[in-house]
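**Student:** Below: one structure in structure tokens.
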Amino acid sequence: MINEVFHFLVFPGLISAIIFGLLYEGILRKVTAHMHNRIGPPIWQPFLDFVKLMSKENITTKDSFGMIMTLAPVISFASALTVLMFLPVGGFTFLSFSGDIFIVIYMLIMAGVFFAVGGFATGNPFASVGSIREIIQIFAIEFPFVISMITVGFLMNFNLSPFFAWQFPFALFAFLVSLQGKLSLPPFHIQEAEQEIVAGPLTEYSGPRLAMHELAKGVMVWTMISLGSVLFLGATTILTFAINSLLLLFLVIVLRTIFGRLKINQSLRLFWFVIGPLAVIDLARVLLGLYI
Amino acid sequence: MHDFFLPVGPQHPALVEPVHMKLRVEGETVVSLDGLELGYNHKGIEKALENRSWTKSVFLSERVCGICGNFHTSAFAQGVERLMGIEIPDRAKHIRVIVSELERIHSHLLCLGLIAHEMGLDTLFHYIFRDRETAMDLLELLSGNRVHFSMNTIGGVRRDLDTDNIRKVEEGLDSMEDRLYHYIKVFERDSSVKRRTSKVGILSEKLAIETGTVGPCARASNVNYDIRNEDYLTYKELKFKPVIGDRGDVLERNIVRLKECVQSIKLMRDSLFSIPKGEIALKLPMMIKVGEGLETLSHIEAPRGELAYYIRSAGDRPYRVKIRTPTYANFHMLGNILKGCQIADIPVIVASMDPCMSCTDRVTLVNTKGKETVLGKEDFHHLNGGHHD
């Protein structure tokens, strides 16, 4: 019993997810800033932002649904958190059964969908455009993402476990690109493109609701990078997990700095006609048993 | 899919300067530009110029714009000098060219950096702004100021160049030239940049001529329109040839701007090499008098295009100054090139026009309770207490 409470609340659950999520967000901002040739905020800035936003008031505009606006970021956050329950982080597993890979896929979609729902609930034209883009992005990214997950899932009876996917370069590549898309970082930060549609779905958000969104985003970074380092880079111990995670984080940052934003049609075309088919090659190899 | 209005500005993260655009969009596609409201930045400078002496007016005209202020004073001073029938010393002409071209580089780099920012490539934005600092530092070295240089006065310039400064400027130009060639490569070859700028916001040559487009926007559409072709300052002796492009899209405008920067460096080198010795300004009385009722139109090639000053004299002060800024001329083609583009292209296209609202806002449009009122001549007279018929 005490073990379960620990897992839910401390590691890999709530507290560690919040701390590592915001820490990753901070590292992301700091290293990006150095690559941009500027100083950037301190690494603990996301914590300060979170506390500040939490202490502010909620503003609900006339056209928006306050309930949904409050619930949407919480559900996004909870979805990202749930995924961590199934991850064998650092070698020890909490919840694990055959087929949990599908729950992970569902939960990751939920996080995106509720991001969009939260945008639609505000009734702002920029938020509507952003939410439509988010939905299109989900359609675009899920194809290669799910294929790459299933490819490695096949070999582990759809039970999340450490696996080093070096035999499946295409699936690995598809996962890394979708990772960037799932985190909506450049070149796929289309749904919150500040230069085009202000903040996208987050335009009307403020105070604790925005804080929850930021938190959900941070936890999503931590979740996706942990997923990558376990499922595709085969981290079995705490040490390899840390190394893999930081490597992935660095890769994410490099991709973030060297690319500009794609347009939504370009992104859809890239995922469906380039990344997707590549991932399918590896899935076919697995299905036919044509791997080493 | 039903269409809806997308308001862009006056407060919008992409367009830092206040302009309000009413765009009708259908999904991701822009159907039309239904309204363009300026006037959030109206400073009343034209009116204020009428109450100042000629010398003081030069300093006020610099405050029209924070980026191309030196061009405003050049145009104003050139107009007044023409009214007075005086010719400024050769050394002053050279210094005006050098400061103008340096300012052109920093203005163009600012625009290019913003375009990079609009397409989500913040790295390029920060790099360009870092290299823009070289131009800013050189301007500070020459004029003592980073923003409003106050270099021009009626009858010449206010600060001289010494050999030490010339050497430093030449060194700065060398390092800047390397970076500019690098950026030309980046803008022409980088896939991320090309994907967002190539074949976006195409302005045809015909449309450019019909809508009176000026500056790099026109030159990127194969229109040879550059005031520097005409003989003012020393551009004729420098054998100036404008940079022309023919594709007319955002990419071409970027390339034209970059090549103009390289060309500016060449012009500056020639100027620094051939700068003659002598006075930097004519000795003029404190209170300059110009024949009453004389009028002139003074053009100049600002970074964004043709800048025109209409000046009419009232003896010891201007009777009327009308400033026509390049951004105002370029707004006319904006509706046409925005039509049919995607929402994602709007900021890139608008930034590629290099709008400067601060220059442009000269007419007040007051919108009260949904009713639009355009203030006419009578209203202004009324507001002004009935002075100046």
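Protein chains in written order, with this note's numbering: chain A, 1104 to 1395; chain B, 448 to 836. Each residue gets a CB set at the ideal place from its N, CA and C atoms; glycine is no exception. All figures in this text were calculated on a predicted structure; none of them were measured in a lab.
Rounding to the nearest angstrom, what Cα-Cα distance links His629(B) and Lys730(B) in this structure?
**Tutor:** Your numbering for residue 629(B) matches position 182 in the second sequence. Your numbering for residue 730(B) matches position 283 in the second sequence. About 45 Å.
**Student:** Let me know the alpha helix (DSSP H) ranges lying completely inside the stretch 624–703 of chain B, each 4 residues or longer, listed in chain order.
**Tutor:** You should have 638–644, 652–657, 662–666.
**Student:** Between Glu497(B) and Pro765(B), how many whole angstroms is the CB-CB distance? I'm expecting something under 8 Å.
**Tutor:** Stepping through the second sequence from its first residue, residue 497(B) is reached at position 50. Stepping through the second sequence from its first residue, residue 765(B) is reached at position 318. Indeed, because the Cβ distance is near 6 Å, the residues count as touching under 8 Å.
**Student:** Could you have a look at Phe1273(A) and say whether DSSP puts it in helix, strand or coil?
**Tutor:** Against the first sequence, residue 1273(A) aligns to sequence position 170. Residue state, collapsed to three classes: helix.
**Student:** Does the stretch 1208–1224 of chain A come close enough to the stretch 1348–1364 of chain A that 3 or more CB-CB pairs lie under 8 Å?
**Tutor:** No, the stretch 1348–1364 of chain A does not touch the stretch 1208–1224 of chain A.
**Student:** Pick out the complete alpha helix (DSSP H) segments inside the stretch 753–802 of chain B, 4 residues or longer, and give them in chain order.
**Tutor:** Qualifying alpha helix (DSSP H) stretches, in chain order: 773–785, 793–799.
**Student:** To the nearest angstrom, how far is the alpha carbon of Ser1182(A) from that of Gly1284(A)?
**Tutor:** Along the first sequence, read from residue 1 onward, the residue named residue 1182(A) stands at position 79. Along the first sequence, read from residue 1 onward, the residue named residue 1284(A) stands at position 181. Cα to Cα, Ser1182(A) sits roughly 17 Å from Gly1284(A).
**Student:** Compare the C-beta of Ala1077(A) against all C-beta atoms of chain B and say whether one is closer than 8 Å.
**Tutor:** No answer is possible for residue 1077(A): the residues shown for chain A start at 1104 and end at 1395.
**Student:** Is any beta-carbon of chain A found at less than 8 Å from that of Gly648(B)?
**Tutor:** Along the second sequence, one-based indexing puts residue 648(B) at 201. Not an interface residue.
**Student:** Report the residues of the stretch 1353–1372 of chain A with a CB closer than 8 Å to any CB of chain B, ordered along the chain.
**Tutor:** Here the close residues are Thr1360, Ile1361, Phe1362, Gly1363, Arg1364, Leu1365, Lys1366, Ile1367, Asn1368, Gln1369.
**Student:** Taking 8 Å as the cut-off, does the stretch 528–544 of chain B touch the stretch 1240–1258 of chain A (at least 3 CB pairs, one atom from each stretch)?
**Tutor:** No, the stretch 1240–1258 of chain A is not in contact with the stretch 528–544 of chain B.
**Student:** Quick one, which of Leu698(B), Arg704(B), Val697(B), Ile631(B) has its alpha-carbon nearest Pro689(B)'s?
**Tutor:** Locating residue 689(B) in the second sequence gives position 242, where the first residue counts as 1. Closest by alpha carbon: Arg704(B).
**Student:** Could you check whether the Cβ of Asn1140(A) sits closer than 8 Å to any Cβ belonging to chain B?
**Tutor:** Within the first sequence, residue 1140(A) is the residue found at index 37, counting from 1. By this cut-off, Asn1140(A) is an interface position.
**Student:** Tell me, to the nearest whole angstrom, how far the beta carbon of Ser1179(A) is from that of Ala1224(A); I am working on the premise that it is less than 8 Å.
**Tutor:** Residue numbering aside, residue 1179(A) sits at position 76 when the first sequence is read from its first letter. Residue numbering aside, residue 1224(A) sits at position 121 when the first sequence is read from its first letter. 13 Å between Cβ atoms; not a contact.
**Student:** Can you list, in chain order, the residues of its chain whose CB lies under 7 Å from that of Glu1107(A), leaving out five sequence neighbours each side?
**Tutor:** One-based indexing of the first sequence puts residue 1107(A) at position 4. None.
**Student:** Quick one: does Ile793(B) have its CB under 8 Å from some CB of chain A?
**Tutor:** For the purposes of this step, residue 793(B) is taken as residue 346 along the second sequence, with counting starting at 1. Judged by the 8 Å Cβ criterion, Ile793(B) is in contact with chain A.
**Student:** Check the Cβ of His1292(A) against every Cβ in chain B and list those closer than 8 Å, keeping chain order.
**Tutor:** Residue 1292(A) sits at position 189 when you count from the first residue of the first sequence. The answer, in chain order, is Gly567.
**Student:** If you draw a straight line from the alpha carbon of Asn783(B) to that of Asn612(B), how long is it in whole angstroms?
**Tutor:** Position 336 of the second sequence, counted from the start, is the residue given in the question as residue 783(B). Position 165 of the second sequence, counted from the start, is the residue given in the question as residue 612(B). Between Asn783(B) and Asn612(B), the C-alpha separation is close to 46 Å.
**Student:** Mind checking if Tyr487(B) is an interface residue toward chain A, Cβ cutoff 8 Å exclusive?
**Tutor:** Translated into positions along the second sequence, residue 487(B) becomes position 40. Answer no: the Cβ-Cβ gap between Tyr487(B) and chain A never drops below 8 Å.
**Student:** DSSP three-state call for Asn814(B): helix, strand or coil?
**Tutor:** Translated into positions along the second sequence, residue 814(B) becomes position 367. With a pLDDT of 45 at Asn814(B), under the threshold of 50, the predicted position of this residue should be treated as unreliable, though the coordinate-derived value follows. Note: Asn814(B) maps to strand in three-state DSSP.
**Student:** Run through the DSSP bridge pairs and tell me what Ala749(B) is partnered with.
**Tutor:** For the purposes of this step, residue 749(B) is taken as residue 302 along the second sequence, with counting starting at 1. BP columns for Ala749(B) point to Gly752(B).
**Student:** Between Thr1225(A) and the ligand SAH, is the CB less than 7 Å from at least one heavy atom?
**Tutor:** No copy of the ligand SAH occurs in the structure displayed, which carries no ligand at all.
**Student:** Out of His489(B), Glu534(B), Lys503(B), which one is the CA nearest neighbour of Glu512(B)?
**Tutor:** Counting from 1 along the second sequence, the entry for residue 512(B) is found at position 65. Contrary to the premise, residue 512(B) reads as Cys rather than Glu in this sequence. Of His489(B), Glu534(B), Lys503(B), the residue nearest in Cα terms is His489(B).
**Student:** Could you tell me how far apart the beta carbons of Gly420(B) and Ile649(B) are, in whole angstroms, since I believe they sit closer than 8 Å?
**Tutor:** The requested residue 420(B) does not occur in the structure, where chain B is confined to residues 448 to 836.
**Student:** Rank Gly1256(A), Phe1229(A), Ala1314(A) by C-alpha distance to the C-alpha of Ile1121(A) and give the top, closest one.
**Tutor:** What you label residue 1121(A) is simply residue 18 of the first sequence in a count that begins at 1. The shortest Cα separation from Ile1121(A) among Gly1256(A), Phe1229(A), Ala1314(A) belongs to Ala1314(A).
**Student:** Which of the three DSSP states is assigned to Phe1344(A) in this structure?
**Tutor:** Position 241 of the first sequence, counted from the first residue, corresponds to residue 1344(A). Here Phe1344(A) sits in helix by DSSP.
**Student:** When the distance is taken between beta carbons, is Gly1222(A) closer than 8 Å to Phe1266(A)?
**Tutor:** Position 163 of the first sequence, counted from the start, is the residue given in the question as residue 1266(A). Position 119 of the first sequence, counted from the start, is the residue given in the question as residue 1222(A). Not a contact, by the Cβ cut-off of 8 Å.
**Student:** Pro837(B) touches chain A at which residues, Cβ-Cβ below 7 Å?
**Tutor:** There is no way to answer for residue 837(B), as the model of chain B reaches only from 448 to 836.
**Student:** Using the DSSP secondary-structure output, state which residues sit across from Thr1163(A) in a beta bridge.
**Tutor:** As a first step, residue 1163(A) is located in the first sequence; it is residue number 60 there, counting from the start. Paired residues: none, contrary to the question.
**Student:** Is the CB-CB distance between Cys558(B) and Asp801(B) below 8 Å?
**Tutor:** Counting from one through the second sequence, the residue named residue 558(B) turns up at place 111. Counting from one through the second sequence, the residue named residue 801(B) turns up at place 354. Yes; because the gap between Cβ atoms is below 8 Å, this pair is in contact.
**Student:** Taking only the alpha-carbon atoms, compute the straight-line gap between Val797(B) and Asn1368(A) and give it to the nearest angstrom.
**Tutor:** Stepping through the second sequence from its first residue, residue 797(B) is reached at position 350. Stepping through the first sequence from its first residue, residue 1368(A) is reached at position 265. One C-alpha to the other measures close to 21 Å.
**Student:** State the start and end residues of the unbroken alpha helix (DSSP H) segment that holds Lys1133(A).
**Tutor:** In the first sequence, the residue the question calls residue 1133(A) occupies position 30. That run of the alpha helix (DSSP H) goes 1117–1138.
**Student:** Find the nearest neighbour of Ile1293(A) within the set Arg643(B), Phe778(B), Phe523(B), judged by alpha-carbon distance.
**Tutor:** Taking the first sequence and counting its residues from 1, the one referred to as residue 1293(A) is at position 190. Selected option, being the one with the closest Cα: Arg643(B).
**Student:** Report the rounded CA-to-CA distance for Trp1375(A) versus Glu635(B), giving the unit in angstroms.
**Tutor:** Along the first sequence, read from residue 1 onward, the residue named residue 1375(A) stands at position 272. Along the second sequence, read from residue 1 onward, the residue named residue 635(B) stands at position 188. Roughly 27 Å separates the two Cα atoms.
**Student:** So, with DSSP's three-state summary, where would you put Gly532(B)?
**Tutor:** Within the second sequence, the letter at position 85 stands for residue 532(B). Coil at Gly532(B), not helix or strand.
**Student:** Could you tell me which residues DSSP puts in a beta bridge with Pro454(B)?
**Tutor:** Walking along the second sequence from the start, residue 454(B) turns up at place 7. DSSP lists Lys469(B) as partners of Pro454(B).
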